[in-house]
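Residues in the sequence shown are numbered from 1 upward in steps of one, following this note's numbering.
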Amino acid sequence: MSMNFENYVKDSKTWLHQLCDFLGIEDEQKAGRIFRAVLHAIRDRIPAGEAIHFGAQLPIIWKGIYFDGFTIHEPVPIRHEEDWLEFIRSKDTVDAVDFPTLEHAHYAFMDVMRFLREKVSEGQYLQVEQALHTEIPVPA
Numbered sequence: 001m002s003m004n005f006e007n008y009v010k011d012s013k014t015w016l017h018q019l020c021d022f023l024g025i026e027d028e029q030k031a032g033r034i035f036r037a038v039l040h041a042i043r044d045r046i047p048a049g050e051a052i053h054f055g056a057q058l059p060i061i062w063k064g065i066y067f068d069g070f071t072i073h074e075p076v077p078i079r080h081e082e083d084w085l086e087f088i089r090s091k092d093t094v095d096a097v098d099f100p101t102l103e104h105a106h107y108a109f110m111d112v113m114r115f116l117r118e119k120v121s122e123g124q125y126l127q128v129e130q131a132l133h134t135e136i137p138v139p140a
């Protein structure tokens with residue numbers, strides 16, 4: 001089996017360009033940091049088995065970013081939207097520069113979820129949605 005790294009890069013860049021459109025920004029670095037922060041928040045909030053199944057649907061480079069630092073875990077208990085948005089902000093690699101307010105985190109989360117809804121299987125998306133919490137709103 002040959003390793004076609006160019007295709008891995010192409011697939012991941014395609015996702016990044018499409019994500020920029022969903023976020024309404026042109027800065028790919030910022031879009032990547034936002035995506036990483038939201039993915040890590042989701043990964044740590046849902047049960048480990050669900051996190052693994054979800055991560056399997058990502059392009060290989062995003063999969064590596066998603067699983068970076070992953071450990072088998074109990075889901076982080078988050079019950080309220082404000083706590084969830086703070087949790088997302090805590091995952092930012094630039095000291096929450098990408099999420100200066102909870103409102104920024106809210107819109108980023110909603111846009112990333114809309115993006116993921118188009119990219120992963122419907123069943124996997126619904127499992128992630130259900131694993132978050134009823135008080136953590138996701139886009140319809």
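Glycine included, each C-beta is placed from N, C-alpha and C at the ideal position.
Straight-line gap, residue i to residue j (C-alpha atoms, nearest Å)
i    : j    : result
R36  : K10  : 18 Å
E82  : Q57  : 28 Å
W84  : K63  : 22 Å
C20  : D68  : 22 Å
T14  : I65  : 16 Å
H73  : N4   : 33 Å
L101 : R33  : It should be noted that the sequence gives Thr, not Leu, for residue 101. If you take the alpha carbons of T101 and R33, they lie about 16 Å apart.
H133 : G24  : 27 Å
D98  : G123 : 30 Å
G49  : K30  : 29 Å
P137 : T71  : 26 Å
V120 : L39  : 13 Å
DSSP three-state assignment for residue i, whether helix, strand or coil
i    : result
N4   : coil
F109 : helix
A51  : helix
R79  : coil
Q29  : helix
S121 : coil
G64  : helix
A56  : coil
D98  : coil
V128 : helix
E86  : helix
Counted within 10 angstroms of its Cβ, other Cβ atoms place residue i as buried (16 or more) or exposed
i    : result
R79  : exposed
A179 : Outside the shown range of the chain (1 to 140) lies residue 179, about which nothing can therefore be said.
D27  : exposed
A140 : exposed
L126 : exposed
P77  : exposed
S12  : buried
Contact under 9 Å by Cβ, residue i with residue j
i    : j    : result
Q129 : M113 : Note on residue identity: the sequence assigns Glu, not Gln, to residue 129. Yes, they are a contact pair.
Y8   : I61  : yes
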